[in-house]
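Single-structure report; data block below.
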Amino acid sequence: MASISLLNPKAEFARAAQALAINISAAKGLQDVMRTNLGPKGTVKMLVSGAGDIKITKDGNVLLHDMQIQHPTASMIARASTAQDDSTGDGTTTTVMLIGELLKQADIYLSEGLHPRIMAEGFEKARDKALEVLENVKVPVDINKKNLMEIANTSLRTKVHPLLADLLTEVCVDAVLTISNDKKVPIDLHMVELMEMQHKTDTDTQLVRGLVMDHGARHPDMPKRLENAYILTANVSLEYEKAEVNSGFFYKTAAEREAFVRAEREFIDQRVKKVIQLKRAVCDGTNKSFVLINQKGIDPISLDALAKEGILALRRAKRRNMERLALACGGTAMNSFDDLQEEHLGYAGSVYEHVLGENKYTFVEDCKNPLSVTILIKGPNKHTITQIKDAIRDGLRAINNTIGDKALVPGAGAFEVRAYNELVKYKDSVKGKARLAVQAFADALLVIPKTLAVNSGYDAQDTIVKLTVEDRLSPELVGIDLSTGEPMKPSDLGVYDNYIVKKQILNSCSIIASNLLLVDEVMRAGMTSLKG
Amino acid sequence: MQQTREILTFQFGTYSNYVGAHFWNQQEANFVYDREGNIAEEQLPENDILYREGLNDQKQTTYTPRLLSVDLLGTLRHLPVVGELYGNFLPVTNEQNTDELQKAKDLVEQSQMLTPGGLDVRTQPPVELSEYQLDLVKGTVDTENKDYKLADTCSSWADYLYARYHPRSLNVLRGMQRQTDVQVLGTQVAGVELWQSVAFNDDFCDRIRMYAEECDALQGFQLLFDIDDGFSGLATKCLEHLNDEYSRASYVLPLHYPRNISYAQADPRTAHSIRVVNSVLSYYHLSEQATMFTPLSTLETIWRNTTSQSRRMPGLHWQPDNLYQSSAILAAYLDTVTMGYRLRNTPESLLRFCERVTPANRNMTAAGLSLPLGMEQEQDLIDFLDGSNNSSLLTQLTPGCEPGDSHVVQSIVARGIPHSRLKRPVDQAGPQLRMAAYKCESVSQMLLLYYQCAYHGSVTHAASMPLPLNTKLPFPYEIFDAGIAADGFKLLGQAEREKDIRVRSAPALAAVQSSSKLGAHLDTLHGQTHRVQLVKLHSYTQSGFEKEEYDTALDKLLEFRDNYKDAHYL
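Chains A and B, in that order, give the protein sequences.
The first sequence begins at 1 in our numbering and counts up one residue at a time.
The second sequence begins at 1001 in our numbering and counts up one residue at a time.
See below:
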């Protein structure tokens, strides 16, 4: 009897083997759900909620979020996988698969009497060895278009149709290369804006070397299209806010009040005039035009004044767009209009508006040296757009990881097979029962190539035997070719994974699995029941 | 230049959405297209303040609330998150859903979206529509005769929602399934954390920005939120954001559940403490951030109301802990009192409305409502006011708060009293001629005079609107007593309304009031804090909440309470 039941007869608990069984069955269950998703041949899930909301995804992380996970163990695994997504943007399905498999393999030995503590120690040893192998097999790469294309393509092909994946690969790589601009500084992926457009007939994704904003001019007389435009980005209020003045108003007569209001209005008008002055100074007599993009509001009177001058003015721009604009067009975002100079302005070759239903879009394009770009996603409906968006996000992350690591790992299960062989060799040098755990770890790793094979319709054992044998013979890594089921060299087909992703997976999976193994008592006793 | 002075509305939490659903239903009833000119147009509410015009993908014009609502998973019932007007969902709740599903599936399969692995469709069983919604779809809603028993059967606000929302409006908290007896998002800190999470914050702030971008002259915000649970944290953080980004007026309405809902892993005692701490923290933020805030509840007192003693209103009878019925009363109040700044011909802005009743930083105010007004049929307002000299017209809707009848600053709105019922023409006036109020030419003037006489040393501002409160379905018409006629006026003597006739509309009077007696409300709250031991509240301590923060909040609360001392004002 557990000690808790002395204190609280109502507490529910499970001990030792039973506790382990709970954890293992949860991990297996989760693994079963995710199994079919893995790899480029995994199935896509379409989720339709009870109210008719549609979601199409293959992303393990999205699925985990959407499933109402109540089981404490399962939600722990889910959290590990979410953490994986947060830090690297890939490998969520793999995480779940691997934790499940580790527990499954451990279960075999534990049922024969191996102590979980020894198991956990063995896992730790095996993980260190596996990381060593990873370190050895990683391929240092130059950051060039070809290499980035390969990694992005591998990632994207697991998310969408190959044709679309190829298109997105091009877009993603170009986007990252444009904003990185050969500089050595770390890349801020926020500087790639993802803009969506719902369009009945059009499915297309394109890279805009500039910025697309989801709002347009609010004045009918403002130009819809401008060439050779100066861009002024600002965070200055151009609206007469009655809000700020009313409380401090003291007046005796109506005329006096009028005067106050006029003075207040005058203040805003002055700001507008400053913009107009600058516009006249830089544009008059040339073929240049002028665009004002403001983070604060612009009221109709100010809009009117600006429209008369042919200035295109946008209000309430996204805060992040201020930064993006400065990078895309040059210039600085202004916080006040005192001392406005030409050097504060940015430049764009063309600025135009696009109206779609009730939504307006403003394109700022043909920038001279854009360090911020937009990926424009068009799709017939929301769920398609979301699916593409998720895929692009993962693709961008994969590219970014590569640039960070300056190294890649051959994909298609190649690393797992090599690690398996190395671990089996390593096993013999491990003393005592811990070697069993090393064996379990090695076996668990094989779940990745196995599942890849099964999802593509090949026999799991067949593939594994072929792969392990081939791997032992060849100094180079060998993965599975999903179109033939035969072993192949990933480097030939350009199938690569991120180094950091693999590393993260090895680390987090072994830790979570060990933790779950060491649980020898599960109890549920809420505060309420404690007080009886 | 006359501009629409837009207001953006926020609803945080399930009960707020209950109230909100009633409120927007009421707004649609306020759309009056009166060609006969019974009601002068300039006396009607200006709908554009709360509504926006849009165009959906079918090129149909839409007219939807400027609303942002946040709620838990499962509260939307049959409503798709994207709303029903702009597509992007499968009409699964219809009978022909298999066709639609197949069509959607084919479409996906034809597109380039799929990997060679194929498509795996997983459908959850469609949510069953409530009977009212079913009839609404069929267009056969019978507001006169059919009894939908909404009070007993409705499980969420979506069940009786008549209004339709824009796709931008609804936000559902991922992974937080509503539970009827436990607050899922328990503490204020949890709400604050949620606000700060990237996944929620980016998208939500962007939605606020999109609404604001559309507005030519945004004048402010109305915020409704559940103060008993974590949504209070969400709302106070949001208010902070609004002040930072937009610096406009804000009218905030913290709502208390009409029953005590427990928290995860809490016995009644800890639950009580959590409730108190949530309130303390929210009040602290509101006293600094909100232009005005008015706590609302149909309960008499809160924080230690073990019996859930409910307010009573003459002529009304509702089940005290019924969310559907009690929220309707709060919504009736909200709709009536906000007319103070929503009428077409009023120069009143939200800011002026708030500042008028919040002198000397007393930005907490109390709510009073009279529904139905209690005027008898055929009775004139002048006689009614004359006869009710000694009893207060209003019932308080702010718990534990009686503003009293002297030194009150208030703003009052009357609705549904036709001009013809003000007083008799001179030749029939009789005794009315002798009353001082006879010279008043409008409802608001007469109310003003009444309060000048009835309340000592007080400042009143009054407005009126001829449109009565619509009490047809989905309003809980059943809460009216038998002594109320179909038009909401009191029947003479002991007469009773016929059984199968329902009250269609009712006149109402609503007020926001402030007086030094409101300090008592804050005292009650502060009194409760003595029993709170913060260290014992695991849900607070676990999320890294600092005791200092709580102590500051308490100190500030006391400082705020000082604003209500007599010496401070009047």
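Using N, Cα and C, we set each Cβ at its ideal position, and we do this for glycine too.
> Residue ranges of each beta strand (DSSP E) run of no fewer than 3 residues wholly in the stretch 1379 to 1448 of chain B, ordered along the chain?
Replying inline: If we require 3 residues or more, the beta strand (DSSP E) runs fully inside the stretch 1379 to 1448 of chain B come out as 1409 to 1415.
> Can serine 1539/B and glycine 1175/B be called in contact, C-beta distance under 8 Å?
Replying inline: For serine 1539/B and glycine 1175/B, no; Cβs fall outside 8 Å.
>> For valine 48/A, report the span of its beta strand (DSSP E) as first-last.
In response: Segment 44 to 48, the beta strand (DSSP E) holding valine 48/A.
> Within 8 Å (strictly less), CB to CB, does lysine 1105/B reach chain A?
Replying inline: Among the residues facing chain A, lysine 1105/B is included, as its CB has a counterpart in that chain under 8 Å away.
> Taking any Cβ of chain A, which residues in the stretch 1078 to 1090 of chain B have a Cβ under 8 Å from it, in chain order?
Replying inline: Here the close residues are His1078, Leu1079, Pro1080, Val1081, Val1082, Gly1087, Asn1088, Phe1089, Leu1090.
> Hey, how far is the Cα of proline 186/A from the Cα of isoleucine 179/A?
Replying inline: Rounded to whole angstroms, proline 186/A to isoleucine 179/A spans 11 Å at the Cα level.
> Along chain A, which residues have their Cβ under 8 Å away from the Cβ of alanine 1021/B?
Replying inline: Among the residues of chain A, none has a CB under 8 Å from the CB of alanine 1021/B; the nearest is roughly 16 Å distant.
>> Which residues in chain A have a C-beta closer than 9 Å to the C-beta of threonine 1365/B? List them in chain order.
In response: Simply none; closest approach about 17 Å.
> Can you pull the DSSP bridge partners for serine 1464/B?
Replying inline: Note: serine 1464/B sits in a beta bridge opposite Ala1414/B.
>> Can you tell me whether glutamate 244/A is buried or exposed? The criterion is at least 16 other CB atoms within 10 Å of its CB, across all chains shown.
In response: Confidence at glutamate 244/A is low in this model, with a pLDDT of 43, below 50, so its placement is unreliable and no value can be given for it.
> Just how far apart, CA to CA, sit glycine 395/A and glycine 479/A?
Replying inline: Glycine 395/A and glycine 479/A: Cα-Cα distance of roughly 21 Å.
> Since leucine 1076/B is in the beta strand (DSSP E), which residue starts that stretch and which ends it?
Replying inline: Per DSSP, leucine 1076/B is not a residue of any beta strand (DSSP E), being assigned neither H nor E.
>> For a cutoff of 8 Å on Cβ pairs, would you count glutamate 1213/B as touching chain D?
In response: You won't find chain D in this structure, because its protein chains are A and B.
> Per DSSP, what kind of secondary structure is cysteine 367/A in: helix, strand or coil?
Replying inline: In the structure shown, cysteine 367/A adopts extended strand secondary structure according to DSSP, grouped into three states.
> Rounded to a whole number of angstroms, what is the C-alpha to C-alpha distance between arginine 1421/B and aspartate 1427/B?
Replying inline: C-alpha separation (whole angstroms): 15 Å.
> Which term fits leucine 473/A, buried or exposed, when burial requires 16 or more other beta carbons within 10 angstroms of its beta carbon?
Replying inline: Result: exposed.
> Is glycine 432/A helix, strand or coil when you go by DSSP?
Replying inline: Of the three classes helix, strand and coil, the one that applies to glycine 432/A here is coil, per DSSP.
>> At the level of alpha carbons, what is the spacing between methionine 1313/B and valine 291/A?
In response: Taking the straight line joining both Cα atoms gives about 59 Å.
>> Once the 5 residues before and after lysine 502/A are set aside, which same chain residues still bring their CB inside 7 Å of it?
In response: Its chain contains Leu134, Val409, Phe415 as the residues whose beta carbon lies nearer than 7 Å to that of lysine 502/A, once the 5 sequence neighbours on both sides are disregarded; these appear in chain order.
>> DSSP three-state label for glycine 248/A, please.
In response: With a pLDDT of only 47 at glycine 248/A, under the threshold of 50, the placement of this residue in the model should not be trusted; the figure read from the coordinates follows. Glycine 248/A: helix per DSSP, three-state reduction.
> Using a C-beta cutoff of 8 Å, does asparagine 1056/B count as contacting chain A?
Replying inline: Yes, asparagine 1056/B lies at the interface with chain A (some Cβ there is under 8 Å from its Cβ).
> In terms of residue numbering, what span does the beta strand (DSSP E) encompassing histidine 190/A cover?
Replying inline: Per DSSP, histidine 190/A is not a residue of any beta strand (DSSP E), being assigned neither H nor E.
> Less than 8 Å separating the beta-carbons of valine 1256/B and aspartate 1228/B?
Replying inline: A small correction: the amino acid at residue 1256/B is histidine; valine does not occupy that position in the sequence shown. Taking 8 Å as the Cβ cut-off, histidine 1256/B and aspartate 1228/B qualify as a contacting pair.
> My guess is that arginine 1178/B and glycine 1074/B are in contact by the Cβ rule of under 8 Å, so how many angstroms apart are they, rounded?
Replying inline: Between the beta-carbon of arginine 1178/B and that of glycine 1074/B there is about 4 Å, and that keeps the pair under the 8 Å contact cut.
> So glycine 52/A packs on proline 1091/B, CB below 8 Å; how close in whole Å?
Replying inline: Between proline 1091/B and glycine 52/A the Cβ distance is about 6 Å, and since that is below 8 Å, they are a contact.
> Applying a beta-carbon distance threshold of less than 8 Å, which residues of chain B neighbour asparagine 381/A?
Replying inline: Correct list: Gly1087, Asn1088.
> So, helix, strand or coil for arginine 1502/B, using DSSP?
Replying inline: Assignment of arginine 1502/B by DSSP, reduced to helix, strand and coil, places it in the coil class.
>> Does chain A have any CB closer than 8 Å to the CB of leucine 1170/B?
In response: So no, leucine 1170/B is outside the interface.
>> Does asparagine 1470/B come out as helix, strand or coil in the three-state DSSP assignment?
In response: Assignment of asparagine 1470/B by DSSP, reduced to helix, strand and coil, places it in the strand class.
>> Short of 8 Å Cβ to Cβ, which residues in the stretch 1179 to 1211 of chain B face chain A?
In response: Considering only beta carbons, the part of the stretch 1179 to 1211 of chain B lying closer than 8 Å to chain A consists of Asp1206, Arg1209, Met1210, in chain order.
> Thinking C-alpha only, which one of Asn1361/B, Arg1344/B, Val1277/B is nearest serine 1464/B?
Replying inline: Nearest to serine 1464/B by C-alpha distance, out of Asn1361/B, Arg1344/B, Val1277/B, is Arg1344/B.
> Based on the DSSP secondary-structure assignment, which residues constitute the bridge partners of leucine 356/A?
Replying inline: DSSP lists Asn359/A as partners of leucine 356/A.
> Going straight from the alpha carbon of lysine 489/A to that of asparagine 401/A, what length do you get?
Replying inline: When rounded, the distance between both Cα atoms is 23 Å.
> So, are the CB atoms of isoleucine 385/A and glutamate 196/A less than 8 Å apart?
Replying inline: Closer than 8 Å, so yes.
> Say the cut is 7 Å; is the CB of threonine 93/A nearer than that to a heavy atom of the ligand COA?
Replying inline: With respect to the ligand COA, the structure offers nothing, as it holds no ligand at all.
>> For valine 1082/B, which residues in the same chain have their Cβ closer than 8 Å to its Cβ, ignoring the five residues on either side in sequence?
In response: Same-chain partners within the cutoff: Asn1088, Phe1089, Pro1167, Leu1170.
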